[in-house]
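Reading through the structure tokens given below for one structure.
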DNA sequence: GTTAGCACTCGGCTCGCTTGAGTGCTAAAA
DNA sequence: TTTTAGCACTCAAGCGAGCCGAGTGCTAAC
């Protein structure tokens, strides 16, 4: 009974045929006919039987026919079933593993850089478009402030967030300030603002700050405005795309409309950031075409894997491409990459005693 | 004689015909025939005469014929002559000016953000792909260091460059350090390293730093390594692209190869950063197809305007698109945008005493 | 339930035809 | 010498007919 459920009532033969069709279609992109299945698979039956099965699979919604006298192609439901139940585990070649190790190890840097490198690598290894994401973080606070005095009309405000990100703002006060005032400002901010969320900074707190700043209380107003901006920026999320040109090799994107849709989505970022925000934090997520509510994704698939540190999603890497994506390979690649990245950001100390710099995160 | 020279020996009529052809071609993208010129222009001669002139213009290299029985299209030389001598000044609509003002003023922030907003705007207003560039800076030094102590195994190094950019690195020393040691490190770095270029940091200097750090001399090695990395990153330049999808509306990019070439170039960034680095610092630069040594640009044109502050190029905005670009409009738009940006970054003090300016922050 | 056979469908390709925009050339006019 | 009118020529693009072949659905027999 469980097996029946998991297989959604598909006989073993139907599953084998469906898998063969998806595999073949992923490879050439053309419709797959009964004759091809007959000779590629070893199921002891004739083409006519296969045709019957295919007709039933179509009726069940797993296959589609582009036109009456063509073979079948998988429907979105077909891909979904394939990804959930039929897919074979792809084993990365030693060469691929070596590439991951080499590039990521050499590109040690802040999380930003690691993610960008990883998205590049994902694109290279899979031949689809890679994306690197820094997700929206809603409940972020600032854990530490610092100020750098440059001249009486110019100082820099530095903020370290609870996720470890460092942000800076240049400030140009109208009335000249002293180095001491700027230093005091950092102390006051650390005492009054840090570890508080935006909506926990109340008027009494601001008044206390102003009183502690004494003659330089005028600084508080402008600084607080910048802090709000800064928190808002953190809230936005970021996304980098690499390997757009790889899309062009897939005939599905010679349809200008599909290409335009996808490029528009990549441009926008909003839609994809939302999808990633909604996704599971643990697994690799697969979004197939119109499964998402994002209409523009209709003819494409998105696969992504969040990078988790200390229970927080600090980033994600992914791949975007045509529906007939080589899911097996993409899943394996993203798993491999994310494993490496997690290792990197969890190794706090390094062998060489040098720097190790897990970018945006907190310890 | 001077006029002759400036017009490269083209009679007034030839210039009028050439301009009419370029204008028409920019608009429809098709070859332009003698008949069209006859009725669009008021030059008192017949189609046959125009044909003769066109034949001569072709011989001189300003026009090309896609095939024997088609009209003419401008050659790269033709575009160049058009841009240099024939172009009419485009006057921005009040609506366009309002858009620039509104969006840029509302997007006050660090230079990064301004540039990105400007490139978006350039793309919107012109209907081509916009780019925002932070150029390579070769002779950059660090003007100020700061450190932020987080815990005995984790501190942050902050560096402010001579161009005002702020960069940060997380460091995780193997042996625990004290807050005082980290603070001392900042002082030592400010005394010994700041204002020096990378190749001016010699062994004696490093030894002096180690001696001043006392028991914590072990920190110096790892920090110096990060500083080198940081300087290397500054050296790289950055580029953001917006509105790639706009390219698809131009039939020249339905040629998959051309599109692939251009997308590849946009991906790479190297080529365009080089072009911008070579360009004039003052004017709007126009690079028409194979004029540049970048082969992949063969079927596209790049127009960009550097943003200069205190004699240094701190950024650039530009537009990339097909050869038959509406140069008049693009030139006007970029001039307008860069004017606004310059105003913004030169206003050191703001009415509200708020922020402004140059910063590229790192997390 | 499976198979063999057959008629049918339909996209994609090729071929030839027509159309029309646009040219170059020549010979006459200015 | 320059301009013009006229004419023959060229060639891409669009259209439709026709063929091909892969692949189907259906039916009748196993």
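Protein chains in written order, with the numbering used here: chain E, 550 to 912; chain H, 550 to 912.
Glycine included, C-beta positions come from ideal geometry on N, C-alpha and C.
Note that the structure is a prediction, hence the values are computed from the model and not measured.
Using 8 Å as the threshold, is the segment 870-884 of chain E in touch with the segment 636-645 of chain E, meaning 3 or more CB pairs across them?
yes
Spatial neighbours of residue 861(H) within its chain, please: C-beta separation below 7 Å, excluding the five flanking residues on both sides.
712
Exposed or buried, residue 724(E), counting other C-beta atoms within 10 Å across all chains shown (16 or more means buried)?
exposed
Check distances from the C-beta atoms of the segment 715-742 of chain E to those of chain H and list, in chain order, the residues that come in under 9 Å.
715, 716, 717, 718, 719, 720, 721, 722, 723, 724
My output table needs one value for residue 676(E): the three-state DSSP class, helix, strand or coil.
coil
What does residue 805(H) reach in chain E if we use C-beta pairs closer than 8 Å?
797, 803
Could you confirm whether any beta carbon from chain E is found closer than 8 Å to the beta carbon of residue 792(H)?
yes
In the DSSP assignment, what are the bridge partners of residue 858(E)?
Residue 858(E) pairs with 861(E).
Given a cut-off of 8 Å, decide if residue 795(H) and residue 643(H) are closer than it, judged by their beta-carbon atoms.
no
Among all the DSSP beta bridges, which residues are the ones paired with residue 623(H)?
612(H)
Roughly how far, in whole angstroms, is the beta-carbon of residue 627(E) from the beta-carbon of residue 581(E), given that I think they are within contact range, below 8 Å?
Residue 627(E) to residue 581(E), Cβ: 11 Å. No contact.
Among residues of its own chain, excluding the 5 on either side of residue 624(E), which ones have a beta-carbon nearer than 8 Å to its beta-carbon?
610, 611, 612, 613
For residue 742(E) versus residue 776(E), is the C-beta spacing smaller than 8 Å?
yes
Rounding to the nearest angstrom, what Cα-Cα distance links residue 666(E) and residue 600(E) in this structure?
Residue 666(E) and residue 600(E): Cα-Cα distance of roughly 46 Å.
Suppose you measure from the CA of residue 836(E) to the CA of residue 864(E); what does that come to, to the nearest Å?
18 Å
Roughly how many angstroms separate the alpha carbons of residue 845(H) and residue 809(H), rounded to a whole number?
9 Å
Is it the case that the Cβ atoms of residue 671(H) and residue 814(H) are separated by a distance below 8 Å?
no
From what residue to what residue does the alpha helix (DSSP H) around residue 739(H) run?
728-741
Below 7 Å between beta carbons is the criterion; list the residues of the segment 804-826 of chain H that meet it against any residue of chain E, in chain order.
805, 808, 809, 812, 813, 816
Can you tell which of 782(H), 870(H), 805(H), 662(H) has the C-alpha that lies nearest to the C-alpha of residue 893(H)?
662(H)
To which residues of the same chain is residue 906(H) closer than 6 Å at the C-beta, ignoring the five residues directly before and after it?
With a pLDDT of 39 at residue 906(H), under the threshold of 50, the modelled position of that residue is not reliable, and no figure is offered here.
Can you tell me which of the three DSSP states residue 902(H) falls into?
With a pLDDT of 36 at residue 902(H), under the threshold of 50, the modelled position of that residue is not reliable, and the figure given next carries that caveat. Coil, per DSSP.
Is it the case that the Cβ atoms of residue 710(E) and residue 704(E) are separated by a distance below 8 Å?
no
How about residue 826(H) and residue 684(H): are their beta carbons less than 8 Å apart?
yes
Take the Cβ of residue 722(E) as the centre, count every other Cβ of all protein chains shown within 10 Å, and call the residue buried at 16 or more, exposed below.
Residue 722(E) is buried by the Cβ-count criterion.
With a cut-off of 8 Å, does the C-beta of residue 787(H) fall near any C-beta of chain E?
So no, residue 787(H) is outside the interface.
Using a 10 Å radius around the Cβ and a threshold of 16 neighbouring Cβ atoms, would you call residue 752(H) buried or exposed?
exposed
According to the Cβ coordinates, are residue 772(E) and residue 759(E) closer than 8 Å?
no
Rounded to a whole number of angstroms, what is the C-alpha to C-alpha distance between residue 706(E) and residue 720(E)?
7 Å
For my contact list, residue 838(H) and residue 830(H) are in at a C-beta cut-off of 8 Å; report their separation, rounded to the angstrom.
Their Cβ separation, rounded to whole angstroms, is 23 Å, which puts residue 838(H) and residue 830(H) out of contact at 8 Å.
Counting only Cβ-Cβ distances shorter than 8 Å, please list the residues of the segment 695-710 of chain H near chain E, keeping chain order.
695, 697, 699, 700, 702, 703, 705, 707, 709
Buried or exposed, going by whether 16 or more other CB atoms sit within 10 Å of the CB of residue 841(H)?
buried
Where residue 852(E) and residue 834(E) are concerned, what is the direct C-alpha to C-alpha distance, given to the nearest angstrom?
6 Å
Look up residue 870(E) in the DSSP assignment and give the residues it is bridged to.
850(E)
Taking 6 Å as the limit between beta carbons, can you name the residues of its chain near residue 791(E), skipping five residues before and five after?
668, 669, 672, 679
Is residue 902(E) close to chain H, meaning its C-beta is less than 8 Å from at least one C-beta of that chain?
Confidence at residue 902(E) is low in this model, with a pLDDT of 35, below 50, so its placement is unreliable and the value that follows should be read with caution. Answer yes: the Cβ-Cβ gap between residue 902(E) and chain H drops below 8 Å somewhere.
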